[in-house]
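Position 131 (the sequence shown) corresponds to 131 in the working numbering; numbering is contiguous. Taking it in order: structure first as structure tokens, then the write-up.
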Amino acid sequence: MKATELRQFYHKELDPIYGKEEASHFFKLSMEKYCDIVPIDLALQPDIAITKTQEGKMFAALSRLLKHEPIQYILGSAHFMDMDFKVAPGVLIPRPETEELVRMIIEEHQDREKLKVLDIGTGSGCIAIGLSKNLNQAHVTAWDVSEEALQIANQNNDRLQSKVNFEERDVLTFKNKSEATFDIIVSNPPYVRELEKSEIKDNVKLHEPELALFVPDHDPLVFYRAIGQLAKQSLKANGSLYFEINQYLGAETKTLLKDELGFTTVILIPDMFGNDRFLKAYI
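Written out as structure tokens, the structure is:
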């Protein structure tokens with residue numbers, strides 16, 4: 001089979017589901033992964049021959065895409081902070097908005113040294129490793145309640161030659177007994193309400209871990225409350241708390257931190273799309 005024939009078949013099957021642009025993106029990623037053919041070679045040699053083995057892998061990937069499985073799980077990796085992170089169904093796929101958060105933290109603290117950082121709900125480890133690789137001599141600790149997620153995070157830690165200390169802990173039950181330790185606490189906790197499930201695409205809803213996505217409608221800020229309480233005890237006097245948040249609950253989350261938990265300064269920050277997406281707070 002020629003590459004151009006395979007491309008046409010991908011578009012025939014995927015365009016009705018994902019649209020032409022995304023289907024083309026999936027095809028190029030799959031060709032690079034399974035056929036070792038990069039986009040420039042596809043453009044220069046559209047009729048390049050595909051072996052039977054490569055063809056089989058491409059059709060297997062297509063079959064999974066037709067079931068709305070995320071391309072990152074199919075390929076086994078996701079690009080984040082100029083690095084490729086291993087991902088699997090046990091961890092949330094890193095988002096561009098989360099990279100925005102990491103870059104914001106780096107920009108604000110790039111001139112400081114030996115910062116102590118805590119990432120809560122680390123998943124693949126993308127936030128923790130992104131900070132560890134870009135903050136000067138930072139000591140980064142990362143927690144997750146999922147043993148499966150921590151296995152993947154540790155693999156990323158080794159592959160990317162980072163030095164994050166990963167720990168299995170549940171922030172909802174953790175009782176802090178230590179003195180103020182951290183300069184930065186950051187978290188992208190679960191924040192999608194059950195009532196918002198209908199807005200979530202099938203490739204997310206059907207395949208990414210519910211544990212990392214959803215919170216109950218009756219208490220959607222449960223993780224922000226627990227992490228905020230921990231931060232009040234664990235941040236140093238000049239420490240910073242950073243959150244990625246539900247865009248529909250920006251005002252409510254800000255009120256929680258300022259009025260209920262007593263943070264003196266709470267700043268709501270929009271993402272690249274103009275949605276309320278991040279909070280920065282100081283004791």
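Glycine is no exception: its CB is placed at the ideal position from the N, C-alpha and C atoms. Keep in mind that this is a model prediction, so the values were computed, not measured.
Asked, Found
"Exposed or buried, Gln54, counting other C-beta atoms within 10 Å across all chains shown (16 or more means buried)?", "buried"
"Taking Ile283 as the reference, give the member of Ser63, Ala231 and Arg277 with the closest Cα.", "Ala231"
"Can you list the alpha helix (DSSP H) stretches of 4 or more residues lying completely in the region 137-185, in chain order?", "147-159"
"Can you give the Cα-Cα distance for Ala237 and Asp36, rounded to whole angstroms?", "52 Å"
"Relative to the C-alpha of Phe27, which residue among Ile17, Gln137 and Gln8 is closest?", "Gln8"
"Given this structure, state the Cα-to-Cα distance separating Ala49 from Leu6, to the nearest angstrom.", "10 Å"
"In angstroms, rounded to a whole number, what distance separates the CA positions of Ala251 and Ile269?", "11 Å"
"Taking 7 Å as the limit between beta carbons, can you name the residues of its chain near Leu62, skipping five residues before and five after?", "Tyr10 and Glu13"
"State the CB to CB distance for the pair His109 and Leu115, rounded to an integer number of angstroms; the pair is presumed to be in contact (CB under 8 Å).", "6 Å"
"Take the Cβ of Val91 as the centre, count every other Cβ of all protein chains shown within 10 Å, and call the residue buried at 16 or more, exposed below.", "buried"
"What number of angstroms, rounded off, separates the C-alpha of Asp259 from the C-alpha of Pro220?", "17 Å"
"State yes or no: is the C-beta of Val171 within less than 8 Å of the C-beta of Phe223?", "yes"
"How big is the Cα-Cα spacing for Gln137 and Glu113?", "6 Å"
"Please tell me whether Pro70 and Pro209 are closer than 8 Å, where the distance is taken between their beta carbons.", "no"
"Would you report the Cα separation of Ser24 and Ile17, rounded to the nearest angstrom?", "12 Å"
"What are the partner residues of Tyr282, as DSSP defines its beta bridges?", "Ser240 and Thr265"
"Opposite Asp119 in the DSSP bridges: which residues?", "Ala142 and Val186"
"Could you round the C-beta distance between Leu241 and Leu235 to whole angstroms and report it? I think they count as a contact, below 8 Å.", "6 Å"
"Given that a residue counts as buried once 16 or more other Cβ atoms are within 10 Å of its Cβ, and exposed if not, what is Gly76?", "exposed"
"What are the start and end residues of the beta strand (DSSP E) that includes Asp271?", "Per DSSP, Asp271 belongs to no beta strand (DSSP E) and is neither H nor E."
"Hey, could you find the ends of the alpha helix (DSSP H) Met58 is sitting in?", "Lys52 to Leu66"
"Pull up the CB-CB distance for Pro271 and Glu97, whole angstroms please, since I reckon it's below 8 Å.", "One detail in the question is off: residue 271 reads as Asp in this sequence, not Pro. Yes, Asp271 and Glu97 are in contact; Cβ-Cβ is about 5 Å, under 8 Å."
"Pull up the DSSP beta-bridge partners for Arg103, would you.", "According to DSSP, which records beta bridges pairwise, Arg103 is partnered with nothing at all."
"In angstroms with no decimal places, state the Cα-to-Cα distance between Asp47 and Ala226.", "57 Å"
"Would you check if the distance between the CB atom of Ala153 and the CB atom of Gly123 is smaller than 8 Å?", "yes"
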